[in-house]
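Under our numbering, the letters of the sequence shown match residues 590 to 958, in that order. Every residue gets a Cβ at the ideal spot worked out from N, C-alpha and C, and that includes glycine. Computed from a predicted model, the values in this text were never measured in an experiment. The structure appears right after this line, and notes come after that.
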Amino acid sequence: MLKDKKIDIAETNMALFGTPLEREIKQRAAQGEPAWKEAGKAPGIQVWRVEKFEIKEWPKNKYGYFFDGDSYIVLHTYLKEDKKLYNVHFWLGQYTSQDEAGTAAYKTVELDDFLGDLPVQYREVQGFESAQFLALFPKLIIQSGGIDSGFNHVEAEKYRTRLLHIKGTIKNILVREVPLSSSSLNSGDVFLLDKGMKLYQWQGKGASGGEKSKAGQIAQAIDDERGGKPEKVVLEESDEAGATGKEADDWAAFWGFLGGKGPVKATDNAPVNIKVDKKAFKVSDASGSVQFTEVPYKRSSLQEDDVFVVFTGASIFTWVGSRASANERKQSMVFAQKFLNSLPPEVPKTIPIVRVLSGAENDEFFGYF
């Protein structure tokens with residue numbers, strides 16, 4: 590059965606260190622993690638899925654496909670001026686379990702240790718992924734199901750009917766599976782109805798060219814995976830009224846698969862960008878509780894002896910100085926989570942959290958100063 594009970598993945602996954610869950614994960618990792626054997630050896634992308642407290646390599650032919658009931662770790666290894674650098678992302682599906690989310694967070698720290706504390710760490714929450722994460726997957730599809738679900742693989746020649754929602758800008762387009770219903774549609778986006786051997790690309794009258802292009806690419810990729818057998822149909826919302834013949838039949842079939850025609854929303858209820866001031870804070874737990882002291886928002890404020898939280902308005906960075914204590918380094922992501930929890934309620938708890946180490950910052954971090 591699909592795990593349909595949501596946990597608060599935006600708040601719980603990094604507060605598990607020092608708990609029985611952490612101790613259980615550590616016990617399982619005591620003899621070393623074989624999944625990291627090839628990690629970071631060559632430039633490129635590597636993906637692992639959390640399966641029952643363990644990390645399993647995700648097949649390369651499934652890269653870009655994620656299940657909303659699971660948690661994943663994604664490693665991006667790249668070269669810059671002949672130096673090998675890493676970004677590691679742990680991605681949390683909206684229906685992932687607390688154990689899976691906690692394992693992903695802990696194993697990300699373990700992978701960071703394995704790679705010599707060099708990676709930039711990203712916490713990714715489904716639907717609120719960072720631009721860096723989205724850029725790794727030209728074809729990003731989020732499907733319903735997961736490791737504890739009966740829908741975590743597709744048997745040959747058997748295809749589950751699904752409706753994909755394509756939304757975003759040219760540089761930042763997300764594809765996710767939505768309920769198979771006309772109520773999922775909105776006029777501002779593109780939707781792809783996958784019927785196995787027939788693909789219906791429904792284009793809202795307000796959809797962007799980038800969304801239409803991405804939907805076409807996904808339809809072509811699905812077609813290629815199935816040997817070029819599926820028929821592809823493009824349905825323009827604004828053309829339905831004048832449809833005749835085969836086109837009218839396609840419209841009737843499309844609505845039939847969605848349970849009947851219904852009213853279409855004008856636009857998606859997308860998160861509103863909250864305008865907030867950029868701020869930087871020095872972090873201290875010397876008093877027994879975490880304290881945040883605001884400092885000037887400039888690079889020179891970042892001192893090597895401490896940990897700092899940098900709030901850009903769109904994301905939270907935790908910067909770890911080279912002489913920060915071992916406990917501060919270990920707790921740096923927890924500090925960022927505590928800071929996020931202290932922000933006004935209008936700031937989404939799902940915004941990306943990124944950890945960077947002094948000397949291993951990426952261009953994205955420096956770009957905010």
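Spanning the alpha carbons of Trp-840 and Lys-818 requires a straight line of approximately 21 Å. Contact between the stretch 656 to 667 and the stretch 637 to 648 is present, with at least three C-beta pairs closer than 8 Å. Under DSSP, Ala-869 forms a beta bridge with Val-884 and Val-899. Of the candidates Leu-769, Glu-953 and Glu-627, Leu-769 places its Cα closest to the Cα of Gly-849. When C-alpha distances from Lys-672 are compared across Phe-906, Leu-707 and Thr-692, the shortest belongs to Leu-707. Residue environment for Gly-705: exposed (fewer than 16 other C-beta atoms within 10 angstroms of its C-beta). Assignment of Ile-807 by DSSP, reduced to helix, strand and coil, places it in the helix class.
In the structure shown, the three-state DSSP call for Leu-763 is strand.
For the 9 Å CB-CB criterion, Ile-730 and Leu-753 form a contact.
The beta carbon of Arg-638 is closer than 6 Å to those of Lys-645, Trp-647, Asp-659 and Tyr-661 in its chain, skipping five residues each way along the sequence. For Arg-638, the uninterrupted beta strand (DSSP E) segment begins and ends at 633 to 640. Short of 8 Å from the beta carbon of Val-767, and not among the five residues preceding or following it, lie these beta carbons of its own chain, in chain order: Leu-752, Leu-753, His-754, Ser-773 and Phe-780. Straight-line measurement puts the Cα of Val-909 at about 8 Å from the Cα of Glu-893.
Three or more beta-carbon pairs drawn from the stretch 822 to 840 and the stretch 783 to 790 are found closer than 8 Å, and the two stretches are therefore classed as touching.
By the beta-carbon neighbour count (other beta carbons within 10 angstroms, threshold 16), Gly-831 is exposed. Ile-905 and Ala-925 do touch by the CB rule: their CB atoms are close to 5 Å apart, below 8 Å. Taking C-beta atoms as the reference points, Pro-727 and Gln-635 fail to come closer than 9 Å.
For Ser-931 and Lys-938, the gap between their C-alpha atoms comes out near 10 Å. Look at Asn-676 here: in three-state DSSP terms it is strand. Here DSSP, grouped into helix, strand and coil, assigns Ser-660 to strand. If you compare the alpha carbons of Glu-826, Gly-956 and Val-853 with that of Tyr-886, the shortest gap goes to Gly-956. Looking at the DSSP output, Gln-732 sits in a beta bridge with Phe-656. The beta strand (DSSP E) runs of length 3 or more contained entirely in the stretch 667 to 720 are, from start to end of the chain, 672 to 681 and 709 to 714.
Ser-890 and Glu-643 have their alpha carbons spaced roughly 40 Å apart.
The C-beta distance from Ser-733 to Asp-657 rounds to 6 Å, short enough to fall under 8 Å.
Less than 9 Å separates the beta-carbon of Thr-750 from that of Gly-785.
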